[in-house]
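Comments concern the structure below.
Laid out in C-alpha cells, this is it:
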C-alpha cells in the first residue's frame, strides 16, 4: 500500500541524460520507451467503483538495489482496462537496466493519494533481445500472489507507422492489451547530423512521448523535447562586456573633448562620475556571472536576484515531433521565456515605455535649466550612429588605401581597379554619413562651450560698457547657440557669435584692443558661415581627395595603355619591364596620404561634435537618464538572449530548406513574441518593459560564419557592436557552411523583424477590463499588426510564396492577416484568438515563435500545450473526441510540468481555483496539477 504519491512524484530523478553527459558512452544512442500500459480487469478497493489508474515507472539501481523514481503516466479515470498515452525515455548505455512498473488507483487527484494495485519488472536488455521485440508481463499484487493484469512491452520506431491501427484510445474490452514501446536513438528528433549543431548550444534535454488517435482511427506518435540553451548566460555576458567597453570609450571621448568653460567642465565631470558608477556596477555583475559554471538557465524563483538581472528568466526551447502513417515527420518549435523586464528594480513607477515617455517630456525643461540644447531620441541615436560608423569606416578606409598603394607597387591594373572600387564605395559611405545638419549644429555648440566664448548679447553689453567706461561681467558665458535643428529646444532664443581672435590679425593693446575685439565680433561669421568655413571645408576635402585619387589612377592606367599600344609587338615586353615597381606608388602616394589625413581630420571633428551631443543629452538626463539606460540594458539583454536562441534553433531546423534560406537572406525572419501578461498592477510595468525590449531588437542583425574548428567552443555564437547596433555571428561547421547560399556565405547581414502581441488571461486582466485600462494592450497589438502586415508585403515582393511551408489548413496568409486585423480592433474581453492567429501566421511565414508570461512557467505552459494540441488537430487529424484528453496528458505529465519542477521544485502550476475561474476554459490545467506554489 502506498498512501501518498506526492512525495514519490516530487522526488523524480529525471533519468533522461543530457546529450553532453559524460555518463553516456561515446557514440551511445537514446532509447525511447513508449509506455502505454493496458491493464485488464483492474479492481478498486471499493468494488462499487472503477479505478482511476496511474502507472509509476521506476528504475532499479543495480549497485545500490533501490528504486529511483523515473516517470509516471497520466491518470485514466474510471476504467478497468486503461490505455495510457505517455512514453518514457531511456539511454541505450544501460541495456541491463531493470524497470519496475507500479499501477495505482488514485482516489484523490488533488492530494495524489492512492493504493498500489500491482507491479511488474523487466529488463531493457530482455526487451531488445526478444525475436519479436515484445514482452508480455503479469502485474502482481503487493503480496506477490494475485495477478492484477498484463502489460505488453514492444518496440515501435517513429516514422515507421505503416499498418498500425487502433480502434479506441480507451476501451473496456477485457482482452485489450497495450504496448510499452521502445524507440532507438537514430529515430529521435535530433538526428546525428543535427546533434553536431545543437550540441554546443542546447543541452539537458527532457523528452516525453505519447500515442494519440487520429480521426481515421490511426495512431500517431508525438514526441516533446525541451532543452536549455547556453545562450541564456553567454549572450548577456558578452553584452555586458560590450556595454563596459562602450562606456569606457565614451568616458575617453569626453576626456578628449579638450578645454571647456568651468560650467561645462563641471557638468562633464559629473557625467563621467555617473558613467564610472555604471561601469563599476556592470563589471561587478559580470564578475558574479563568471563565477557561475555549468548553469544554462535562470529559474523563475531567481527573477528578482540582482546578480542575475541580465539573464533571461526560464529560457527553454521546445520541439514537438509528430510521426503519422505514411507521412514525413513534422517538427514544431517554440521558445519559452519569462517576460523581459527589470524585476529587481521593480515596477512601482511603471515600466520602460511609461518611464521613457515621462523622461522625454521632462528632459526639455532640464535642458533649459542646464543651458544646453535638447536633442530628441532620434538625434541622440544619430549621434551614436555617426560615432559607430566613423570608428568602423576610418580604419577600413585606411586599410583599403594601403591596399591601393600595394597594388600600385605591384603594377597590377586589376588589383588597382578592385582596390579603388572598394575605397570609393567606403569613402562615399563615410561622406554620406557625415552629411548631416546635426554635425554642423554640434560643432558650433561645442565651440560656444569653449572658455572665452562671448554671446551676442554680451557683445552688445560690452560695447555699451566701453562707451560708459567699463566692461560687463561674464554672466552669459555658457549659453549655447542653436541652429534651428528640428526637434531641438533652444537654450537661448537669439543667435550668438564667437569670441576669438581672427588668425593673421595684429593684436592691438589697450582701448584699441577693446574696439578691435568688438569689430572682430561683427566680422566673424555667424552659424551658417561658421559651418561653411569650419566644417564644410574639411568634409568636402574628403570627396575632393577621393576624386584626386580616382583621377590619378585613371591617368596612370591611360598612360600605361597608350605606351603598350604605341610600342611594336617585339618591344612590348621591354616596355612592360621598363616600369620600375615604384613608379605608380610614388605618384599615388601623395594623394592617398592626403585622403587619409582628411579622413582623420573629419573623424576627429565629428567625434568631438557627436560626443558633445551625447554630453548634452547626458547632462539633461541627470540622474534618471542613467537609471533608465541601465533598465533598458537589462531588458534588452534578456530579449536578445531569447532572440539569439530562437534564431539558432530556427537556422538549424531550416538548414536543408532552400526556400527558407532564400527568404532568410533576401528579407529576413519575423520573430513573433506572444505575451500573456495582464494590464493591471505590476504586470503592466512588465509589459511596458517588454514592449521596449522587443522593439529594441530591430537593432540586431545576424551573420553566419564558418567555424574555425568543430570544437564546441568555436561553435558558440559571438556578439559584437554597440548600443546603436549589434551583430550576432553564428558559426557553423565547414561542411554545413559550404552548403549555404553564396549571399549568406559572403557575410550578408540577416534581418529579424520582432513583433509582440499581448492578451492577458488571468484574474488581474478581468479587473483591468472591467475597472481599469487596457489601452496599452490595444496599442501594442495594433502597432505590431501593422509591422507584421508590412513584413508580409515585403516578403511577397521579394520571395515566391512557394518558399513558404505548406500546411493542411487551407486558409491563406492574406486571409489570416485580415482576420487578425479585425480582431485587434474588436472590443472583446480576453480575445485569445489574436494570439492563435498571430502564431499561425508566424509559422506560415517561417518565423520564430516565442511565448511568455511573468515566469514562462504556468500560463506559458497552458499556451504551449494548447498550441501543440491545436497543431495536432489541424495538421495531423487528432481525433476531436480525444483533444481534451491529449491536452490534459501534456499538461499533467509532459515537458511543461517538468519545467515547473525545474523552476520551483514542485510539480504544481501556481494557480488557485479562484484564478482559474477567470481563465478562458482552454487555458485551465487538469485537476490535481495546480495549487499553492512559490513562483
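Residue numbers (the working numbering): 1284 to 2218. Quick reminder that beta carbons are idealized off the backbone N, C-alpha and C, glycines included.
Cα-Cα separation between residue i and residue j, rounded to whole angstroms
i	j	result
residue 2092	residue 1556	60 angstroms
residue 2157	residue 1404	39 angstroms
residue 2172	residue 1357	6 angstroms
residue 2127	residue 2119	13 angstroms
residue 2004	residue 2096	35 angstroms
residue 2182	residue 2140	7 angstroms
residue 1715	residue 2014	32 angstroms
residue 2205	residue 2100	23 angstroms
residue 1704	residue 1676	15 angstroms
residue 1522	residue 1987	19 angstroms
residue 1878	residue 1684	9 angstroms
residue 1867	residue 1822	27 angstroms
residue 1734	residue 1544	4 angstroms
residue 1525	residue 1836	40 angstroms
residue 2138	residue 1934	26 angstroms
residue 1898	residue 1914	20 angstroms
residue 1997	residue 2031	20 angstroms
residue 1348	residue 1406	14 angstroms
residue 1809	residue 1888	Because residue 1809 sits at a pLDDT of 38, beneath the cut-off of 50, its placement in the model cannot be relied upon, and the following sentence gives the value as read from the coordinates. Spanning the two alpha carbons is a distance of roughly 19 angstroms.
Helix, strand or coil at residue i [DSSP, three-state]
i	result
residue 2014	strand
residue 1582	coil
residue 1325	coil
residue 1625	coil
residue 2261	Absent from the model: residue 2261. The displayed extent of the chain is 1284 to 2218, so no value can be given.
residue 1716	helix
residue 1363	coil
residue 1614	strand
residue 1348	coil
residue 2031	coil
residue 1964	coil
residue 1698	helix
residue 2004	strand
residue 1956	strand
residue 1642	helix
residue 1912	helix
residue 1486	strand
Unbroken alpha helix (DSSP H) run spanning residue i, endpoints
i	result
residue 1898	1866-1904
residue 2219	Because the chain here runs from 1284 to 2218, residue 2219 falls outside it and cannot be looked at.
residue 1573	1545-1574
residue 1674	1660-1692
residue 2198	2196-2201
Beta strand (DSSP E) segment containing residue i, residue limits
i	result
residue 1991	Run containing residue 1991: none; DSSP gives neither H nor E here.
residue 1387	1381-1391
residue 1620	Careful: residue 1620 lies outside any beta strand (DSSP E) and carries neither H nor E.
residue 1599	1599-1606
residue 1407	It is not in any beta strand (DSSP E) - residue 1407 instead sits in the alpha helix (DSSP H) that spans 1407-1412.
residue 1421	1417-1423
residue 2131	2131-2135
When the options are compared against residue i, the one with the closest alpha-carbon
i	options	result
residue 2023	1948, 1977 and 2066	1948
residue 2049	2077, 2202 and 1972	2202
residue 1619	2017, 2051, 1979 and 1926	1926
residue 1499	2165, 1913 and 2178	2165
residue 1587	1684, 1917 and 1387	1917
residue 1339	1833, 1326 and 1398	1398
residue 1572	1590, 1552, 1934 and 1583	1590
residue 1960	2135, 1662 and 1686	2135
residue 1905	1426, 2216 and 1551	1551
residue 2070	2124, 2045 and 1362	2124
residue 1616	2162, 2159 and 2151	2151
residue 1389	1332, 1501 and 2025	1332
residue 1819	1719, 2008 and 1384	1719
residue 1322	1400, 1939, 2028 and 2196	1400
residue 1691	1872, 1583 and 1640	1872
Any beta strand (DSSP E) of 3 or more consecutive residues that is wholly inside the region 2037-2122: none
Complete beta strand (DSSP E) runs within the region 1500-1532 (minimum length 3 residues, chain order): 1502-1512
Inside the region 1922-1954 only - alpha helix (DSSP H) runs reaching at least 4 residues: 1941-1949
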